[in-house]
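Sequence order for the protein chains is A and B.
Counted from 1, the first sequence has number 134 at position 132 by our numbering; the numbering is strictly sequential.
Counted from 1, the second sequence has number 125 at position 123 by our numbering; the numbering is strictly sequential.
By construction, the Cβ of each residue, glycine as well, lies at the ideal position given by its N, Cα and C atoms.
There are 2 protein chains.
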Amino acid sequence: MAERAHHGGELRLRIGEAAARAGVSERTLRYYEEIGLLSPAGHSVGGCREYGPAELARVTRIRELQELLGLELDEIRGVVAREDRIDTLRDAYRRSEGDEERRAILLEALQTTEALYLRVSARVERIAAFRDELAETISRYRTWLAGEIPQPERPAAV
Amino acid sequence: MAERAHHGGELRLRIGEAAARAGVSERTLRYYEEIGLLSPAGHSVGGCREYGPAELARVTRIRELQELLGLELDEIRGVVAREDRIDTLRDAYRRSEGDEERRAILLEALQTTEALYLRVSARVERIAAFRDELAETISRYRTWLAGEIPQPERPAAV
DNA sequence: AGAAATTCTGACGTTGACGTAAGCTGGCGC
DNA sequence: GCGCCAGCTTACGTCAACGTCAGAATTTCT
Numbered sequence: 003m004a005e006r007a008h009h010g011g012e013l014r015l016r017i018g019e020a021a022a023r024a025g026v027s028e029r030t031l032r033y034y035e036e037i038g039l040l041s042p043a044g045h046s047v048g049g050c051r052e053y054g055p056a057e058l059a060r061v062t063r064i065r066e067l068q069e070l071l072g073l074e075l076d077e078i079r080g081v082v083a084r085e086d087r088i089d090t091l092r093d094a095y096r097r098s099e100g101d102e103e104r105r106a107i108l109l110e111a112l113q114t115t116e117a118l119y120l121r122v123s124a125r126v127e128r129i130a131a132f133r134d135e136l137a138e139t140i141s142r143y144r145t146w147l148a149g150e151i152p153q154p155e156r157p158a159a160v
Numbered sequence: 003m004a005e006r007a008h009h010g011g012e013l014r015l016r017i018g019e020a021a022a023r024a025g026v027s028e029r030t031l032r033y034y035e036e037i038g039l040l041s042p043a044g045h046s047v048g049g050c051r052e053y054g055p056a057e058l059a060r061v062t063r064i065r066e067l068q069e070l071l072g073l074e075l076d077e078i079r080g081v082v083a084r085e086d087r088i089d090t091l092r093d094a095y096r097r098s099e100g101d102e103e104r105r106a107i108l109l110e111a112l113q114t115t116e117a118l119y120l121r122v123s124a125r126v127e128r129i130a131a132f133r134d135e136l137a138e139t140i141s142r143y144r145t146w147l148a149g150e151i152p153q154p155e156r157p158a159a160v
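(1) With 8 Å set as the bound, which would you pick, yes or no: does the beta-carbon of E138(B) sit closer than that to a beta-carbon of chain A?
(2) According to DSSP, is A57(B) helix, strand or coil?
(3) Against chain B, with Cβ distances strictly below 8 Å, would V26(A) count as a contact?
(4) Of all Cβ atoms in chain B, is any one closer than 8 Å to the Cβ of I64(A)?
(5) What residues in the region 99-126 of chain A have a beta carbon less than 8 Å from any beta carbon of chain B?
(6) Using 8 Å as the limit for Cβ to Cβ distance, is L39(A) near chain B?
(7) Can you give me the start and stop residues for the beta strand (DSSP E) that L15(B) sits inside?
(8) Would you please state the rounded distance, in angstroms, between the beta carbons of L112(B) and I140(A)? I believe it to be under 8 Å.
(9) Ignoring anything shorter than 4 residues or poking outside the region 31-114 of chain A, list the alpha helix (DSSP H) runs there in chain order.
(10) Given a threshold of 16 other Cβ atoms within 10 Å of its Cβ, counted over all protein chains shown, does R29(B) qualify as buried or as exposed?
(11) Using 10 angstroms around the beta-carbon of G54(B), count the other beta-carbons present and answer buried if the total reaches 16, otherwise exposed.
(12) Am I right that T115(A) and Y143(B) are in contact with their C-beta atoms under 8 Å? What's the rounded C-beta distance?
(13) Find out if the Cβ-Cβ distance for the pair E74(A), L15(A) is shorter than 8 Å.
(14) Say whether chain A places a C-beta atom closer than 8 Å to the C-beta of G72(B).
(15) Going by C-alpha to C-alpha distance, which of G44(A), A22(A), I64(A), G18(A) sits closest to F132(B)?
(16) Given that a residue counts as buried once 16 or more other Cβ atoms are within 10 Å of its Cβ, and exposed if not, what is D86(B)?
(17) For I129(A), go through chain B and note every residue whose CB falls closer than 7 Å to its CB, in chain order.
(18) From E12(B) to G25(B), what does the alpha carbon distance come to, in whole angstroms?
(19) Mapping DSSP to helix, strand and coil, what is V122(B)?
(20) When the Cα atoms are used, what is the spatial distance from E127(A) to S123(B)?
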């Protein structure tokens with residue numbers, strides 16, 4: 003097995019295995035690093051990239067945003083950057099830092115998440131509407147197949 | 003006004019107006035024609051493209067498939083080609099042609115539509131799940147803002 | 001008719017998200 | 001030591017979906 007346990011006990015994969023598990027190419031992982039979207043958890047002595055579970059999860063998240071929402075990697079960087087700031091915030095809580103600053107970061111995260119939520123909601127509803135249209139079309143086809151004569155309806159929607 | 007009524011009484015727009023109403027560029031319309039995705043309803047004597055309501059509706063449909071479902075124009079051609087065959091079928095019904103052939107076309111249309119329906123359904127559910135995740139994140143943020151201390155939970159999903 | 005606006009047909013340019021190939025390097029198995 | 005595999009960097013190639021520009025032709029306005 004090519005896996006290897008880090009000194010902290012965390013699973014560390016080199017790029018080949020990491021790419022295979024995430025379902026992307028090695029080139030994709032290097033490219034994500036190139037554009038500052040995802041850097042490996044660390045490097046081996048020889049300079050090989052090493053990825054942990056968090057990085058794999060992030061790849062999955064990136065692909066979701068890309069394929070499901072049609073976001074560009076550029077925008078996605080903003081989204082995951084926000085998530086990173088939240089992780090930072092979690093640490094800040096534990097280290098009990100400036101309260102005012104914490105509120106600000108949290109508020110900003112709340113707002114950007116809500117904005118994303120609205121986008122996703124709108125998208126979900128449009129696609130659901132499209133799906134319902136398809137369902138109607140299907141039942142219409144079924145009716146026709148049962149022997150009915152189709153109406154030459156043309157709503158001519160513009 | 004740049005509009006003009008066709009001899010059949012149908013609205014005919016030249017490429018500029020058509021593109022504006024459909025919310026795309028002129029180049030896009032010409033490109034769609036280039037790849038056999040959408041041809042104008044007709045041409046003027048001098049060779050200018052003329053688009054009717056049906057073509058505008060088709061552009062809208064194409065953009066839906068492209069943006070909402072992330073389909074490539076290549077695949078979309080298949081989908082709209084099927085819709086065209088259905089229109090043809092409607093005419094065939096009126097001209098009362100071969101019954102066996104009609105059933106075959108209708109059955110094929112039903113199947114491809116059902117296949118598309120499944121794709122769309124799957125997509126809708128994945129996006130809805132993502133939206134729900136966001137909703138949870140938001141309420142978590144709200145709780146934190148209300149004074150709670152965040153838990154350093156890391157599911158480490160792979 | 002003549003000017004102005006729109007459209008036509010090529011043809012080349014662009015952008016995002018990688019693919020691919022070349023040449024070099026580090027660790028291992030025998 | 002030697003071969004081999006996986007990985008590294010660098011750099012050019014690709015593909016879809018248009019954008020853009022030039023120069024000629026069409027349509028509209030006055």
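For this structure:
(1) For E138(B), the closest Cβ of chain A is not nearer than 8 Å.
(2) Residue identity differs from the one stated: residue 57(B) is Glu in this sequence, not Ala. In the structure shown, E57(B) falls within a helical segment according to DSSP collapsed to helix, strand and coil.
(3) Using a CB distance cut-off of 8 Å, V26(A) does not count as an interface residue toward chain B.
(4) Answer no: the Cβ-Cβ gap between I64(A) and chain B never drops below 8 Å.
(5) For the region 99-126 of chain A, which is checked against every Cβ of chain B, the residues closer than 8 Å are R105, L108, L109, A111, L112, T115, E116, L118, Y119, V122, S123, R125, V126.
(6) Judged by the 8 Å Cβ criterion, L39(A) is not in contact with chain B.
(7) For L15(B), the enclosing beta strand (DSSP E) has its first and last residue at 13-16.
(8) Between L112(B) and I140(A), the beta carbon gap of about 7 Å places them in contact (Cβ cut-off 8 Å).
(9) 55-71, 75-96, all fully within the region 31-114 of chain A.
(10) Of the other Cβ atoms in all chains shown, fewer than 16 fall within 10 Å of the Cβ of R29(B); this residue is therefore exposed.
(11) Per the 10 Å Cβ criterion, buried.
(12) 7 Å between Cβ atoms; contact.
(13) In this structure, L15(A) does not lie closer than 8 Å to E74(A) by Cβ.
(14) Contact with chain A is found for G72(B), since one of that chain's Cβ atoms lies less than 8 Å from the residue's Cβ.
(15) Selection G44(A), A22(A), I64(A), G18(A) evaluated against F132(B) yields I64(A) as nearest (Cα-Cα).
(16) Residue environment: D86(B) is assigned as exposed (fewer than 16 neighbouring CB atoms within 10 Å of its CB, all protein chains considered).
(17) Among the residues of chain B, those whose CB is under 7 Å from the CB of I129(A) are L70, V122, R125, V126, I129, following chain order.
(18) Per the coordinates, the alpha-carbon of E12(B) lies some 21 Å from the alpha-carbon of G25(B).
(19) The DSSP-derived three-state label of V122(B) is helix.
(20) Distance from the CA of E127(A) to the CA of S123(B), rounded to the nearest whole angstrom, comes to 12 Å.
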